[in-house]
Amino acid sequence: MKSRFLFPHKWRLIGYLCFAADLIFAIVLTVLHPEGYAATDLRQVPGPGMKPHHDICIGVTEMRWHNDITILLIIFGLLLVAFSKEKIEDEQISQLRLDSLQWAVYLNYGLFIICVLFIYGIHFIPVLIFNIITPLIFFIIRFRWKIYQLNRLLSREG
Amino acid sequence: MKNNIRVERAIKNITQADLAELVNVSRQTINTIESNKYVPSTVLALKIAKVFGKPLEEVFMLEEED
């Protein structure tokens with residue numbers, strides 16, 4: 000069975016590097032903006048029809064740029080980690096991939112429904128932000144766990 | 000579905016890794032098929048039977064609950 004739409008095996012490393020770079024970037028930003036990066040961004044965005052102050056405008060553009068980079072880098076990294084081929088990509092791996100994807104989608108929507116029911120107003124924004132990456136993260140964790148289990152089974156039986 | 004790949008391997012004197020290489024799958028896949036944890040596709044089942052030079056039914060057989 001041919002697996003389609005997968006990246007070459009080695010690209011997974013690039014994915015992990017992107018993810019690590021993004022994590023470091025996020026930590027640096029948290030140190031630089033302890034009051035909350037996104038919050039600063041939102042506060043400085045001029046309301047509709049308002050003329051922004053020149054200095055603020057530059058700050059906002061720079062922040063937008065940072066935000067774009069962090070979001071794109073993390074999505075790109077996670078996609079590569081999730082959808083790079085295994086060393087031997089056979090039919091069992093394809094099935095595990097599909098299973099894990101379904102599992103991740105169910106889990107993600109399950110948690111999302113809980114959040115919809117219990118979280119209101121401005122506090123819902125972080126939920127939406129995390130939802131950009133959680134389906135992929137759930138998928139990766141479950142898929143890697145299943146592969147780990149397979150390998151453990153093999154080493155136990157020799 | 001049951002199979003007697005382990006027996007056939009012993010007769011032919013090949014390891015899981017050898018068989019895996021012959022049919023282009025991972026060792027893990029052969030291992031899980033042997034321990035009845037994974038049911039292979041028809042293509043893979045036919046390939047495995049071909050390696051042993053036996054008809055499919057002699058390597059893979061249905062169980063009561065199938």
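Order-wise, the sequence lines are chains H and D.
Once you know that position 155 of the first sequence is 154 in numbering that gives the first Met the number 0, the rest is easy, because the numbers rise by one and skip nothing.
Once you know that position 65 of the second sequence is 64 in numbering that gives the first Met the number 0, the rest is easy, because the numbers rise by one and skip nothing.
Just so it is clear, CB atoms sit at the ideal spot from N, CA and C, and this is done for glycine as well.
Start and end residues, alpha helix (DSSP H) containing residue i
i, result
"F142 (chain H)", "133 to 156"
"G14 (chain H)", "10 to 31"
"V6 (chain D)", "4 to 11"
"S93 (chain H)", "90 to 117"
"P125 (chain H)", "123 to 129"
"V24 (chain D)", "Careful: V24 (chain D) lies outside any alpha helix (DSSP H) and carries neither H nor E."
"V42 (chain D)", "41 to 51"
"E56 (chain D)", "55 to 58"
Inter-residue spacing [alpha-carbon to alpha-carbon] between residue i and residue j
i, j, result
"A9 (chain D)", "D17 (chain D)", "12 Å"
"V6 (chain D)", "V80 (chain H)", "39 Å"
"C17 (chain H)", "R143 (chain H)", "18 Å"
"S99 (chain H)", "R141 (chain H)", "6 Å"
"L117 (chain H)", "H65 (chain H)", "Rather than Leu, the amino acid found at residue 117 (chain H) in this sequence is Phe. Each residue's Cα considered, the two are about 31 Å apart."
"I124 (chain H)", "C114 (chain H)", "11 Å"
"L61 (chain D)", "R3 (chain H)", "31 Å"
"I13 (chain D)", "V104 (chain H)", "41 Å"
"K49 (chain D)", "D21 (chain H)", "49 Å"
"N35 (chain D)", "I29 (chain D)", "10 Å"
"E63 (chain D)", "V38 (chain D)", "15 Å"
"E33 (chain D)", "L31 (chain H)", "56 Å"
"I26 (chain H)", "E34 (chain H)", "13 Å"
"D67 (chain H)", "T29 (chain H)", "16 Å"
"A19 (chain D)", "Q101 (chain H)", "28 Å"
"F129 (chain H)", "K9 (chain H)", "27 Å"
Nearest candidate by alpha-carbon position, reference residue i, set the options
i, options, result
"V24 (chain D)", "D:S40, D:N3, D:M0, D:E64", "D:S40"
"T69 (chain H)", "H:I121, H:I131, H:E90, H:E85", "H:I131"
"I87 (chain H)", "D:R26, D:Y37, D:N3, D:I47", "D:R26"
"L97 (chain H)", "H:F137, H:T29, H:F75, H:S154", "H:F137"
"R11 (chain H)", "H:F75, H:L152, H:I146", "H:F75"
"I73 (chain H)", "H:R155, H:T29, H:F24, H:L152", "H:F24"
"Q148 (chain H)", "D:A44, D:T31, D:M0", "D:T31"
"I13 (chain H)", "H:L77, H:I146, H:L31", "H:L77"
"E158 (chain H)", "H:Y119, H:L152, H:I139, H:L28", "Residue 158 (chain H) lies beyond the stretch modelled for chain H, which goes from 0 to 157, so this question has no answer here."
"L5 (chain H)", "H:D89, H:A19, H:R63", "H:D89"
"K11 (chain D)", "D:F51, D:A19, D:A44", "D:F51"
Rounded Cβ spacing between residue i and residue j (contact assumed at less than 8 Å)
i, j, result
"N107 (chain H)", "T133 (chain H)", "5 Å"
"S93 (chain H)", "P7 (chain H)", "Wrong, their Cβ atoms sit about 16 Å apart, outside the cutoff."
"S42 (chain D)", "N3 (chain D)", "The question names Ser, yet the displayed sequence has Val at residue 42 (chain D). Actually they are not in contact, since the Cβ atoms of V42 (chain D) and N3 (chain D) sit about 20 Å apart, beyond 8 Å."
"L95 (chain H)", "K145 (chain H)", "5 Å"
"F46 (chain D)", "V22 (chain D)", "Position check: residue 46 (chain D) holds Lys in this sequence, whereas Phe was assumed. The pair is a contact, with the Cβ atoms about 4 Å apart (cut-off 8 Å)."
In chain order, what residues of the segment 21 to 37 of chain H put their CB closer than 7 Å to some CB of chain B?
Within the model displayed, chain B is absent; protein chains H and D are what it includes.
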